[in-house]
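Below: one structure, written as structure tokens.
Numbering (this note's numbering), first residue to last: 55 to 300.
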């Protein structure tokens, strides 16, 4: 078997936990930020318009596996309320930064994440592939957690245009890491995005349960990763063994 050249990680859930975060509070702050920059709406009317647009694009994102950034459905919500705007409106981007501030601050490195990345980066190229609608959140999170230095390539679905489990985002990761399916190991917590997507290309996978996805859910989804570890600590301890038995 070819030796492992690249190790690719999912981000939220796999390397990080999310603690003490309230989506409702963030949506309230988003509305206030939009009002502050000139989009004066009532909270109830904005919430209804936002929810309608969000669900519309959520269906597109999950069915077609094409990524759509938050600015698109915020712009559509505001347009439906009578404002002239577009997803490129700088005022929307300003409000989005307010909206995501608490989420970024909720990231906590999972135990042994730093040690695992350190070990992986000593002899291998390390990549990150994240499904996220606003790429600045991922880059800010990596900097905040002080792990950005470990990655040779970072791919966010908003920038790539495709969401996991679509093959194209994995293929782009391999291209940037100058690796092949036979020389890459993928570590993730989502059975249907991480494990299904990587396995479909023939990339060896490691499933790590998280606060979002349990081992029971993995079995319910009928996905079969090449390896399962109960946490990152076990992956750290078994790291060389897992690489050798690819």
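Idealized CB from N, CA, C, for every residue including glycine.
For residue 62, the enclosing beta strand (DSSP E) has its first and last residue at 60–63. Only exposed fits residue 74, as fewer than 16 other CB atoms lie within 10 angstroms of its CB. With a cutoff of 9 Å on beta-carbon distance, residue 251 and residue 63 are scored as not near each other. In the structure shown, residue 143 adopts coil according to DSSP, grouped into three states. For residue 268, the closest alpha carbon among the candidates 245, 256 and 279 is that of 245. In the DSSP assignment, residue 293 falls within the unbroken alpha helix (DSSP H) covering 293–298. Nearest in C-alpha terms to residue 91, of all of 107, 132 and 58, is 132. Within the DSSP secondary-structure output, residue 207 pairs in a beta bridge with 181.
For the beta strand (DSSP E) assignment, the segment 83–149 encloses no uninterrupted run of at least 3 residues. Beta-bridge pairing by DSSP links residue 238 to 60.
Burial state of residue 143 is buried, judged by a 10 Å Cβ sphere holding 16 or more other Cβ atoms. Residue environment for residue 104: buried (at least 16 other C-beta atoms within 10 angstroms of its C-beta).
Membership of residue 266 in any beta strand (DSSP E) is not indicated, and neither H nor E is assigned to it by DSSP. Of the other Cβ atoms in all chains shown, 16 or more fall within 10 Å of the Cβ of residue 184; this residue is therefore buried. Residue 72 carries a strand assignment under DSSP once its states are collapsed to helix, strand and coil. In this structure, the beta-carbon distance from residue 121 to residue 179 does not fall below 9 Å. Here DSSP, grouped into helix, strand and coil, assigns residue 220 to coil. No Cβ-Cβ contact shorter than 9 Å links residue 166 with residue 71. Nearest Cα to residue 59 within the set 271, 130, 159 and 174: 174. Annotation: the continuous alpha helix (DSSP H) that includes residue 191 extends over 189–198. With contact defined as three or more Cβ pairs closer than 8 Å, the segment 94–112 and the segment 145–163 are not in contact. One thing to note: residue 208 has its Cβ no nearer than 9 Å to the Cβ of residue 226.
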